[in-house]
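Letter by letter, the sequence shown follows residues 1 to 194 in full-length UniProt numbering.
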Amino acid sequence: MEEKLYVLIGVGVALEGYVYLGGKKRSDIAFINTDEAVRAYYIGLCRGLGLNPRVYGKRISIHNYQLAVKLRQEIYEQGLRKLPNGVVKYPVDALRWAFTLEGGVVLGSDIRNDEIVFRSTSPIILSQIADLLEQVLGERPGVRKGIVYLRRKGLIRKFAEIIGFLPGAKAVRGKHKGIEKNLLLKILLSRHFF
Numbered sequence: 001m002e003e004k005l006y007v008l009i010g011v012g013v014a015l016e017g018y019v020y021l022g023g024k025k026r027s028d029i030a031f032i033n034t035d036e037a038v039r040a041y042y043i044g045l046c047r048g049l050g051l052n053p054r055v056y057g058k059r060i061s062i063h064n065y066q067l068a069v070k071l072r073q074e075i076y077e078q079g080l081r082k083l084p085n086g087v088v089k090y091p092v093d094a095l096r097w098a099f100t101l102e103g104g105v106v107l108g109s110d111i112r113n114d115e116i117v118f119r120s121t122s123p124i125i126l127s128q129i130a131d132l133l134e135q136v137l138g139e140r141p142g143v144r145k146g147i148v149y150l151r152r153k154g155l156i157r158k159f160a161e162i163i164g165f166l167p168g169a170k171a172v173r174g175k176h177k178g179i180e181k182n183l184l185l186k187i188l189l190s191r192h193f194f
């Protein structure tokens, strides 16, 4: 259980945070997000590991030097971010968390353009997400510059049934800003299956 919590904290920090190491007394593991459901989930992960996260506006910080050193080694590679190695042991949880943070539902003006997307500037993270999706869904997703996407009906349905988004998490950009991601997923499914 502790390993899973650590991995999910690492996913959160790799996607929406940073690790600062300035010495044993000056380390900071920061997670930055404004969505209340996402923040509550992250704080719960931290407390599950016995950590005491501190909230500074939209930033949630953990001051733990040993954890900061470990996370820094795991999520940074040659100047690029990556997900912690343990994501392969918890692929569904890691994917749900990753898609909640950096993914979403695209409802196109034409249903042929509907898709579920994950965005990242890190080619390593994009590759890891594609690998995890293939592991869980049994088929490789589409990949284009900065995006991993699911467009095929079968993959969208499997994503909804197996992975989904964190309950209560809302879209943070686009024309659907403020709408729950799982509701958008239901709308996408209804456009294709009903």
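Glycine included, every Cβ here is placed at the ideal spot set by N, Cα and C.
Using a Cβ distance threshold of 8 angstroms, residue 101 and residue 22 do not count as a contacting pair. The shortest CA-to-CA distance from residue 154 to any of 165, 116 and 72 is the one to 116. The beta carbon of residue 122 lies closer than 7 angstroms to those of 80, 81 and 82 in the same chain, with the five residues before and after it left out. Note on geometry: alpha-carbon atoms of residue 113 and residue 143 lie some 15 angstroms from one another. In the DSSP assignment, residue 10 falls within the unbroken alpha helix (DSSP H) covering 2–16. For residue 117, the uninterrupted beta strand (DSSP E) run begins and ends at 115–119, by DSSP. Annotated as distal: residue 147 and residue 165, with beta-carbon spacing of 8 angstroms or more. By alpha-carbon distance to residue 108, the top candidate from 10, 182 and 188 is 188. Looking from the CA of residue 86, the closest CA among 5, 186, 169 and 193 belongs to 5. In the three-state scheme derived from DSSP, where H, G and I count as helix and E and B as strand, residue 186 is classed as helix. Residue nearest to residue 34 within the set 184, 168, 190 and 175 is 168 (criterion: CA-CA distance).
Excluding residues up to 5 positions away in sequence, 28 lie with their Cβ nearer than 6 angstroms to the Cβ of residue 20 in the same chain. Taking C-beta separations shorter than 8 angstroms and ignoring five residues to either side along the sequence, the partners of residue 45 in its chain run 5, 8, 9 and 12, following chain order. Bounds of any beta strand (DSSP E) do not take in residue 107, whose DSSP letter is neither H nor E.
With contacts defined as CB atoms closer than 8 angstroms, residue 103 and residue 171 fail to qualify as a contacting pair.
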